[in-house]
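Data block below; observations after.
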Amino acid sequence: MAIEIRGTGKAVPANRVSNGDLARKIDTSDEWIRSHTGIGARHFADEGTACSDLALEAAREALAMTGGWPGGDREGRDLAAGEAAKTLDLIVLATAGADFCGCPSTACVVQDGLGARQAAAMDITAGCTGFVYGLETAAGLLLAGKTRKRALVIGSELLSRLTNWEDRGTCVLFGDGAGAVVLEKTGAPVEGPGRRGLVGSILGADGAGAEHLMIRRGGTRNPFKAGETLGLPPHIEMNGQAVYNFAVKAFTDTCRRLMAEDGSGIDDIALIVPHQANARIVQAAGKRLGIPEEKFFLNIGEYANTSAASIPIALDELNRAGRLKRGDLVMTVAFGGGLTFGGNLIVW
Ligand code: UT7
Numbered sequence: 120m121a122i123e124i125r126g127t128g129k130a131v132p133a134n135r136v137s138n139g140d141l142a143r144k145i146d147t148s149d150e151w152i153r154s155h156t157g158i159g160a161r162h163f164a165d166e167g168t169a170c171s172d173l174a175l176e177a178a179r180e181a182l183a184m185t186g187g188w189p190g191g192d193r194e195g196r197d198l199a200a201g202e203a204a205k206t207l208d209l210i211v212l213a214t215a216g217a218d219f220c221g222c223p224s225t226a227c228v229v230q231d232g233l234g235a236r237q238a239a240a241m242d243i244t245a246g247c248t249g250f251v252y253g254l255e256t257a258a259g260l261l262l263a264g265k266t267r268k269r270a271l272v273i274g275s276e277l278l279s280r281l282t283n284w285e286d287r288g289t290c291v292l293f294g295d296g297a298g299a300v301v302l303e304k305t306g307a308p309v310e311g312p313g314r315r316g317l318v319g320s321i322l323g324a325d326g327a328g329a330e331h332l333m334i335r336r337g338g339t340r341n342p343f344k345a346g347e348t349l350g351l352p353p354h355i356e357m358n359g360q361a362v363y364n365f366a367v368k369a370f371t372d373t374c375r376r377l378m379a380e381d382g383s384g385i386d387d388i389a390l391i392v393p394h395q396a397n398a399r400i401v402q403a404a405g406k407r408l409g410i411p412e413e414k415f416f417l418n419i420g421e422y423a424n425t426s427a428a429s430i431p432i433a434l435d436e437l438n439r440a441g442r443l444k445r446g447d448l449v450m451t452v453a454f455g456g457g458l459t460f461g462g463n464l465i466v467w
């Protein structure tokens, strides 16, 4: 049995904020942001938008792409997506900024919004590695359940809500957005010629490094108390240098292990789709691995770091541009809060 990607979608808020726009409000410059990160712009959601709203938009796009399911696309995009949603058995949503703190999960809000009444729904907390974790989790659950056939995996983030605008070392890095894929269990082979779908994953964590990337406030460790003035808001705090060093090593090790476990070499891989945190991390890891820059897809220039949404947004861009051909071996690789790391190998 193979777990294949049948549809992709994304949602990117219309409000585009360039480095120059930021430099008019905080002590930074286009030159610093570009040279240190490769970021040129980011997109921010408006005040009325929550994580599930972006997730729903991306999910509907991905479901609409699957077309041929009950309802087809005769009646227009929304109906096609709605009919396809009824065939979902599972929704897995990765985020660092859920609609609600703890309960309900954002995946449940999305399940209701889609009318995916048959689907189980749950969130995944694995920082920027969330989509990589989500893909493997959903695939495992599809394979484990006899009657489960289709799943939706979403990465959705509103990092602008979690940003400390007083901290120029982090606030220039993040953007909002969501990406989604529809997975389907098929009878295709997962080994040998003609293999299809998710053929390998590596998931890892180093909880000892948690303090380097944290949102300290709002959970049961440091809860909000009635009537208090917020001394410590729910903001992202990051030790950039420590995360950078972790990221380059985790990225390099994950790529090596994925290829070794699969028995493939770099020439077998059509494209590497990395988490878009910093173009310098990708360049440093590429150098250590001896992988040419053209093998990596980067869109950080336009969207900045959208955490768990960055890989599915990139997959959708590539898919819609026709850059992923059937049979292409595609590698994802990510690292982030937790600290976590991981990657997937997908035969498109
Ligand atoms: O996706 C989750 C994982 N997160 C990451 O992967 C992030 C990993 N870390 C990084 O990408 C990099 O460490 C950063 C981009 C966050 C920072 O780059 P850096 O080269 O490590 O810069 P730095 O923090 O060492 O700062 C260098 C200088 C400092 O000035 P002094 O002390 O040398 O005078 C900072 O104050 O750059 C200054 N600086 C800025 N200047 C203009 C820091 N932020 C800014 C800014 N604009 N926005």
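Start counting at 1 in the sequence shown, then tack on 119, and there's your number in the numbering used here.
We put the CB at the ideal spot given by N, CA and C, even for glycine.
For clarity, every value in this text was computed on a predicted model and none was experimentally measured.
State the CB to CB distance for the pair residue 454 and residue 370, rounded to an integer number of angstroms; the pair is presumed to be in contact (CB under 8 Å).
-> 6 Å
Tell me whether residue 184 sits in a helix, a strand or coil according to DSSP, three-state version.
-> Looking at residue 184 - three-state DSSP - the assignment turns out to be helix.
May I ask whether a heavy atom of the ligand UT7 can be found less than 6 Å away from the beta carbon of residue 300?
-> For the ligand UT7, not one heavy atom lies less than 6 Å from the Cβ of residue 300.
Going straight from the alpha carbon of residue 298 to that of residue 306, what length do you get?
-> 26 Å
Taking C-alpha atoms, which residue in 458, 166 and 437 lies nearest to residue 134?
-> 166
Among the residues of its own chain, which have a CB less than 7 Å from the CB of residue 449, if the five just before and after it don't count?
-> These residues qualify, in order along the chain: 389, 390, 392, 443, 465 and 467.
Cβ-based neighbour list, residue 359, same chain, cut-off 7 Å, excluding 5 preceding and 5 following = Only residues of its own chain outside the window of five on either side were considered, and among them 288 have a CB closer than 7 Å to the CB of residue 359, listed in chain order.
Straight-line CA distance for residue 259 to residue 228?
-> Spanning the two alpha carbons is a distance of roughly 23 Å.
Could you tell me how far apart the beta carbons of residue 232 and residue 171 are, in whole angstroms, since I believe they sit closer than 8 Å?
-> 7 Å
Could you pull the start and end residues of the beta strand (DSSP E) that residue 86 belongs to?
-> Outside the modelled stretch of the chain, which goes from 120 to 467, sits residue 86, for which no answer is possible.
Should the stretch 412 to 429 be called in touch with the stretch 269 to 278, which here means at least 3 C-beta pairs below 8 Å?
-> yes
Give the DSSP-derived three-state secondary structure of residue 393 in the structure shown.
-> strand
Would you tell me roughly how many angstroms separate the C-alpha atoms of residue 333 and residue 365, rounded to the nearest one?
-> 15 Å
Does DSSP put residue 189 in a helix, in a strand, or in coil?
-> Since pLDDT at residue 189 reaches only 44, below the 50 mark, its modelled position is unreliable, and the value read off the structure follows with that caveat. Correct three-state label for residue 189: coil.
Can at least three beta-carbon pairs, one atom from the stretch 211 to 229 and one from the stretch 155 to 166, be found at a separation below 8 Å?
-> no
Buried/exposed call for residue 373, threshold 16 Cβ in 10 Å = buried
Could you have a look at residue 208 and say whether DSSP puts it in helix, strand or coil?
-> In the displayed model, residue 208 falls within coil according to three-state DSSP, outside both helix and strand.
Run the proximity test for residue 160: is its beta-carbon closer than 6 Å to any non-hydrogen atom belonging to the ligand UT7?
-> Relative to the ligand UT7, residue 160 has its C-beta separated by 6 Å or more from all heavy atoms.
Go ahead and pull the three-state DSSP assignment for residue 221.
-> coil
Among the residues of its own chain, which have a CB less than 7 Å from the CB of residue 356, if the five just before and after it don't count?
-> Excluding sequence positions up to five before and after residue 356, its CB lies within less than 7 Å of the CB of 333 and 335, all in the same chain and listed in chain order.
Span of the alpha helix (DSSP H), counted from its first residue to its last, around residue 366 | 359 to 381
Just checking my contact of residue 77 with residue 206 at CB under 8 Å: how many whole Å lie between their CB atoms?
-> No information on residue 77 is available, as it lies outside the stretch 120 to 467 that the chain covers here.
Heavy atom of the ligand UT7 within 6 Å of residue 389 beta-carbon | no
Would you mind working out which of 296, 270 and 462 sits nearest residue 324, comparing C-alpha positions?
-> Ranking 296, 270 and 462 by Cα distance to residue 324 puts 462 first.
In angstroms with no decimal places, state the Cα-to-Cα distance between residue 285 and residue 383.
-> 46 Å
Opposing strand residues paired with residue 426 [DSSP bridges] | DSSP output for residue 426 lists no bridge partner at all.
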